[in-house]
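Only one structure is covered here, and it is reproduced in the block below.
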Amino acid sequence: MIRLILGGDKSGKSDFGLQRLYEGTGSSVLLATGQSQDFSFGQQILDHRLARVPEIPVKETGIELPQLLEKSILNYESILIDSLDFWVFACGDQWQQAQDAFLHSLSLVPDETQVTIVSCEAGLGPIAASSQVRQFIRRLGALNQAVAAVSDEVCLMIAGIPLYVKKA
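Numbering (the numbering used here), first residue to last: 374 to 541.
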């Protein structure tokens with residue numbers, strides 16, 4: 374079972390993803406993609422850590438998300454990936470190969486394993502002035518669409534309320 378949770382900044386998508394992880398059966402793991410680049414984001418990461426149940430292991434992925442997902446589906450019944458936007462940013466110019474590897478790793482998820490993926494829906498705002506930001510939004514949008522296509526469930530978070538776009 375693959376579930377995609379999309380939303381804007383501070384929409385409640387990470388909290389909703391954690392709720393889905395806690396509802397899972399068997400062993401759980403959180404694959405965290407964000408890396409602190411400044412003080413405020415470091416504080417946000419710390420706040421997320423404090424809100425989590427300490428018994429659930431957290432693995433920081435860097436750009437190795439596909440490889441860690443493939444290992445995790447062998448060892449855990451419930452997996453949370455938070456979040457694709459930071460991973461796409463970290464992949465830089467390697468994003469196409471990384472996207473292909475990630476989509477392949479999703480194809481290996483057994484039906485009995487629950488994978489919840491959090492990502493930012495970045496395309497709702499105005500067109501960015503910077504070509505770098507436009508490129509990032511195009512890449513993230515393409516990945517979100519590809520993940521949504523293989524997901525059993527897709528949910529858009531709006532002000533902390535889930536709106537199901539695709540329901541299992």
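For each residue, glycine too, the CB sits at the ideal point set by N, CA and C.
- Here Lys386 is buried, its C-beta having at least 16 other C-beta atoms within 10 Å.
- Residues Thr489 of the same chain have their beta carbon placed closer than 6 Å to that of Arg393, with the five preceding and five following residues left out of the count.
- Just so you know, the alpha carbons of Leu379 and Gly496 end up roughly 11 Å apart.
- With contacts defined by Cβ atoms closer than 8 Å, Ile429 and Ser524 do not form a contacting pair.
- Counting along the chain, Val482 sits inside no alpha helix (DSSP H), nor does DSSP assign it H or E at all.
- Residue state for Asp455 is assigned as strand, using DSSP reduced to three classes.
- Rounded to whole angstroms, Leu513 and Pro427 show a C-alpha spacing of 30 Å.
- Apart from the 5 residues on each side of it in sequence, Val538 sits with its Cβ closer than 6 Å to the Cβ of Val527, Leu529 in its chain, given in chain order.
- Fully enclosed alpha helix (DSSP H) runs of no fewer than 4 residues occupy 468–480, 504–523 of the segment 466–537, in order along the chain.
- When the Cα atoms are used, Arg507 and Asn517 turn out to be separated by approximately 15 Å.
- A buried status is given to Gln472, since no fewer than 16 other beta-carbon atoms sit within 10 Å of its beta-carbon.
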